[in-house]
Each structure stands twice: as C-alpha cells, then as structure tokens.
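Written below as structure tokens is the structure these notes are about.
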C-alpha cells in the first residue's frame, strides 16, 4: 500500500499555528480526533516527535519548528501553483471570447 507523503501536513500546520487540536480542527472543518490521528501518523512516518502535548496547549519540539517552516513553504508553493493554474484558465476563457470561440 502506498502512503500519501502529504497526509497530515495541513493538520500539523494548523495545530502548530493554533497551539490547540480543537482550534486546529475547527479551522480545518474536521474533528479533533481526525487531527490527532493525522499528527500521530505523521510523527510515526517521520520517526520523530513534532509536538509536546499538554492538557491545554501544544508546543513544537525543535524538529517540529524546523518541519513547520518547510511545511509552510510547501503550502505557499501549493497555493501559488493552484493560483497560477486558475489564472491560466481565466486567461484562456478571455482569449476564447476575444477571438469569438466558445468560453
């Protein structure tokens, strides 16, 4: 079975930025148990602890801080990529209208 290397990254970033599983889950529109499960799987895949968990707050380990920076860059690149694809679609539709083709 192949694993999705991206799985858990959005959840990790949300937890790191919100400092709470519940707030991260609300931000992502999923359950806190889903977020928790994704983080555990991510830590298992990476074979390192990313978060220190307490009853009220979550803080990043040193590895978590480094990983967060890389994940945020990945998310930014993903957003730019999808944004540029959207721009191309809009441009194509505009060009078709200008030359009289179908939109």
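Residue numbers (the working numbering): 85 to 187. Positions of the beta carbon are idealized from the N, C-alpha and C atoms, including for glycine.
Closest Cα partner of residue 116 within the set 135, 95, 133 and 129: Of the listed residues, the one whose Cα sits closest to residue 116 is 95.
Option nearest residue 133 by Cα separation, candidates 118, 119, 149 and 113: Ranking 118, 119, 149 and 113 by Cα distance to residue 133 puts 149 first.
Backbone CA spacing between residue 187 and residue 127 [nearest angstrom]: In this prediction, residue 187 has a pLDDT of 48, which is less than 50 and means its spatial position is unreliable; what the coordinates show is noted afterwards. The straight-line gap from Cα to Cα measures roughly 46 Å.
Distance CB(residue 105)-CB(residue 124) smaller than 9 Å: It is not a contact, given that the beta carbons lie outside the stated cut-off.
Residue 91 to residue 122 span [Cα, whole Å]: Residue 91 and residue 122: Cα-Cα distance of roughly 7 Å.
Cβ neighbour criterion (16 or more within 10 Å) applied to residue 135: By the 16-neighbour rule on beta-carbons within 10 angstroms, residue 135 is buried.
Classification of residue 151 by the beta-carbon crowding that lies within 10 angstroms, buried from 16 upward: Around the beta carbon of residue 151, 16 or more other beta carbons sit within 10 angstroms, so the residue counts as buried.
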